[in-house]
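Reading through the structure tokens given below for one structure.
2 protein chains.
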Amino acid sequence: MIRIGIFGYGNLGKGVECAIQQNPDMILAGVFTRRDPGEVKTLTNAPVYKIEDAVNMANEIDVMILCGGSATDLPEQTPQLAKLFNVVDSFDTHARIPEHFANVDDVAVQSGKTAIISVGWDPGMFSLNRLYAGAVLPEGKDYTFWGKGVSQGHSDAIRRVEGVADARQYTVPVQEALDAVRSGANPELTTRQKHTRECFVVAKEGADLAKIENEIVNMPNYFADYDTTVTFISQEELDKNHKGIPHGGFVIRSGKTGINKENNHIIEYSLKLDSNPEFTSSVLVAYARAAYRMNKMGMVGCKTVFDVPPAYLSAFDGAYLRKTLL
Amino acid sequence: MIRIGIFGYGNLGKGVECAIQQNPDMILAGVFTRRDPGEVKTLTNAPVYKIEDAVNMANEIDVMILCGGSATDLPEQTPQLAKLFNVVDSFDTHARIPEHFANVDDVAVQSGKTAIISVGWDPGMFSLNRLYAGAVLPEGKDYTFWGKGVSQGHSDAIRRVEGVADARQYTVPVQEALDAVRSGANPELTTRQKHTRECFVVAKEGADLAKIENEIVNMPNYFADYDTTVTFISQEELDKNHKGIPHGGFVIRSGKTGINKENNHIIEYSLKLDSNPEFTSSVLVAYARAAYRMNKMGMVGCKTVFDVPPAYLSAFDGAYLRKTLL
Chain C
4 MIRIGIFGYG NLGKGVECAI QQNPDMILAG VFTRRDPGEV KTLTNAPVYK
54 IEDAVNMANE IDVMILCGGS ATDLPEQTPQ LAKLFNVVDS FDTHARIPEH
104 FANVDDVAVQ SGKTAIISVG WDPGMFSLNR LYAGAVLPEG KDYTFWGKGV
154 SQGHSDAIRR VEGVADARQY TVPVQEALDA VRSGANPELT TRQKHTRECF
204 VVAKEGADLA KIENEIVNMP NYFADYDTTV TFISQEELDK NHKGIPHGGF
254 VIRSGKTGIN KENNHIIEYS LKLDSNPEFT SSVLVAYARA AYRMNKMGMV
304 GCKTVFDVPP AYLSAFDGAY LRKTLL
Chain Y
4 MIRIGIFGYG NLGKGVECAI QQNPDMILAG VFTRRDPGEV KTLTNAPVYK
54 IEDAVNMANE IDVMILCGGS ATDLPEQTPQ LAKLFNVVDS FDTHARIPEH
104 FANVDDVAVQ SGKTAIISVG WDPGMFSLNR LYAGAVLPEG KDYTFWGKGV
154 SQGHSDAIRR VEGVADARQY TVPVQEALDA VRSGANPELT TRQKHTRECF
204 VVAKEGADLA KIENEIVNMP NYFADYDTTV TFISQEELDK NHKGIPHGGF
254 VIRSGKTGIN KENNHIIEYS LKLDSNPEFT SSVLVAYARA AYRMNKMGMV
304 GCKTVFDVPP AYLSAFDGAY LRKTLL
């Protein structure tokens, strides 16, 4: 049995707790929280500890899954915990991955632990598909589309607009752009041509709706470069119809082969997820298995999904996989 | 530079020759053929040798890519050549993979070579996607659909029917079945519900068309379990409209997460290939790079796509991959 620790108990941590139940070779050794453990009730009655207690549990946990945020939690926590544990995180600030990798690698090499960072679906499964497709079709072009799905960051940005009580933002890939890519035309697509942004906004009583809408659609970085629609709805409607955290997207590579590049090929990977955090958690748990095995084989230091032999993710052995899945 | 040998020069071998040109870290050291080398003209003026000459070229070739057939060539050739070379093959008789693996492993472990078998898209990229999706969503169901594409084996079977001059058979996935799977309904699908078979047949002059059609649609193993359509066309039309070797398909996993399994997720991988052999060749070439690297790292014996860390397939180094693709 692989003994898993969950470090941070929000949506992601709860998702990990659920996913462990689907993997009979794993048990949940404990949940670590910043809150008062006595106040935290887990979904499966797993034991809850203060985060400070983790340092005393190095012998009771095989892999610690970090479930904090990329902005401030993981840059600090992953290197810290890699001193004592094999760790897996979902660090997703793409631009800062090289720096995070270097920080974690320094520690993990020294401690002899295995750390797998940036695990999830993007970065994660989408990255893997970009890598495989690019290696197989070197002369081609990659496209990543996101959605339809909820962007937490964009929803938060809308909530900070004056007069807004609540909001939910969906990122939506543009069908015409998807079709053009799938046709093998290798189009050059602008930000605006790839995605639209749909905002469902609950205004505070008496707020100036036109002003809110104007402020949203012109917000730099978040909305100004997109075709954005704003729909005002009631809090009841938001709670009823926009409660879920769905997401997904598409990674498509279009490439040529043949002595005169006369043949075109389309490789497409897509996800349609009812729950973004639960799917991410499921990926984290599979990579926790890999971290455990890689450490047993002496493969220490910082790794990413690019470094992990696929078989290490599966609960089944090589002979069974070859017989049933190959 | 990785020096590649091509063993067998049919459609697959030619595809490998083309693919090597897209990979600047590789050179084609030689093509090995059963035919008289003087009669074989390669697409890129690569040197051509008799297959018997291969044994003398162990120092001039880093990876031998085997481009023969799975029925009789590869079961004999892959173990034979793994005595002297790192090898990659596309052995695709799913039921005999465990036996082939064992035979190749025996030799490769002893010779200290790296052999990667069953490389291509199914087995190959499709297998990988079945493995990844199953590891991430353990509670779910896998579906593989093939097509639309030409089945060489079924086309050959039709050509053996009395009165048939030529034929081309397409395997076509049933749209309703694909839609049902994508909906998350996890349907149980029979062979007939998943694929149809479209046959384009050139009859010999004076042949009994009704008899030919009847014999095709009732042919056990090949057609009897499918809804099969037979269309008689002229040789000219076959040559004009059915000359290509397109193929492709879909691997879909539908799985549940959540404490009450309340959330559904769909993972879909699809290929749309203008040329089945050229795409397979492109996969073989990427795995030749991996075989070369794994051997340098002492990872000897028989391997499959399940054992190969994804990064080994890419011409780029780890830091670059993390920065650009993760």
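Sequences listed follow chains C and Y, in order.
Going by this note's numbering, the first sequence opens with residue 4, and the numbers climb by one from there.
Going by this note's numbering, the second sequence opens with residue 4, and the numbers climb by one from there.
The beta-carbon is built from N, C-alpha and C at its ideal position, and this holds for glycine as well.
- Beta bridge pairing from DSSP links V34 of chain Y with Y:I9 and Y:V51.
- Minimum Cα-Cα distance from T194 of chain C among the listed residues C:V66, C:N106, C:M300 and C:Y225 corresponds to C:Y225.
- Note that the C-beta distance between L276 of chain C and P249 of chain C is below 8 Å.
- Between V308 of chain Y and V90 of chain Y the beta-carbon gap is near 15 Å, outside 8 Å, which marks them as no contact.
- Annotated three-state conformation of L77 of chain C is helix, per DSSP.
- For N89 of chain C, the enclosing beta strand (DSSP E) stretches over residues N89 to V91.
- Among the residues of the segment 246 to 271 of chain Y, those with a Cβ less than 7 Å away from any Cβ of chain C are T260, G261, I262, N266, N267, H268, I269, I270 and E271, in the order of the chain.
- Listed by position along chain C, the residues whose Cβ is nearer than 7 Å to that of Q25 of chain Y are P141 and E142.
- In the three-state scheme derived from DSSP, where H, G and I count as helix and E and B as strand, Y272 of chain Y is classed as strand.
- At a cut-off of 8 Å, the C-beta of M128 of chain C has a neighbouring C-beta in chain Y.
- According to DSSP, residue pairing for S278 of chain C in a beta bridge involves C:I248.
- Comparing alpha carbon positions, the residue from Y:H157, Y:P190, Y:H198 and Y:A168 closest to V177 of chain Y is Y:H198.
- Q24 of chain Y sits in coil when the DSSP states are folded into three classes, being neither helix nor strand.
- Within the segment 11 to 40 of chain C, those residues whose Cβ lies closer than 9 Å to any Cβ of chain Y are, in chain order, K17, G18, E20, C21, A22, Q24, Q25, N26 and P27.
- In summary, the residues of the segment 85 to 103 of chain C whose CB is separated from some CB of chain Y by less than 8 Å are H97, I100 and P101, in the order they occur in the chain.
- At the C-beta level, H97 of chain C and P126 of chain C come within 8 Å of one another.
- Secondary structure note for L328 of chain Y: it is in no alpha helix (DSSP H), with a DSSP letter that is neither H nor E.
- For G143 of chain Y, the enclosing beta strand (DSSP E) starts and ends at G143 to W149.
- Within the segment 301 to 313 of chain C, contact with chain Y at the beta-carbon level (separation under 8 Å) is assigned to T307, V308, F309, D310, V311, P312 and P313.
- Taking C-beta separations shorter than 7 Å and ignoring five residues to either side along the sequence, the partners of C305 of chain C in its chain run F104, V107, D108, A111, A118 and I120, following chain order.
- The Cβ of F282 of chain Y sits closer than 8 Å to at least one Cβ of chain C.
- Among the residues facing chain Y, V286 of chain C is included, as its CB has a counterpart in that chain under 8 Å away.
- Chain order gives the chain Y residues near L316 of chain C as L134, Y135, A138 and V139, where near means a beta carbon separation below 8 Å.
- Not a single CB atom of chain C sits nearer than 8 Å to the CB of D230 of chain Y.
- Ranked by Cα distance from P223 of chain Y, the first of Y:I161, Y:I262 and Y:L84 is Y:I161.
- Between Q155 of chain Y and A180 of chain Y, the gap from beta carbon to beta carbon reaches 8 Å or more.
- Taking C-beta separations shorter than 6 Å and ignoring five residues to either side along the sequence, V139 of chain Y has no partners in its chain.
- Note: G258 of chain C is bridge-paired with C:G143 and C:H268 in the DSSP secondary-structure output.
- Proximity to E191 of chain C across C:T147, C:P101 and C:N266 peaks at C:T147, based on C-alpha coordinates.
- Taking C-beta separations shorter than 8 Å and ignoring five residues to either side along the sequence, the partners of L324 of chain C in its chain run A314 and S317, following chain order.
- Look at E63 of chain Y here: in three-state DSSP terms it is coil, with no helix or strand label.
- Note: I236 of chain Y is not bridge-paired with any residue in the DSSP secondary-structure output.
- Neighbours of S73 of chain Y in chain C, taken as residues at a C-beta separation under 9 Å, are lacking, since the least C-beta distance is about 13 Å.
- As the crow flies, the alpha-carbon of P40 of chain Y is around 30 Å from that of W124 of chain Y.
- Within 10 angstroms of the beta-carbon of P27 of chain C lie fewer than 16 other beta-carbons, which makes it exposed.
- When DSSP reads this structure, G152 of chain C sits in a beta bridge with C:T174.
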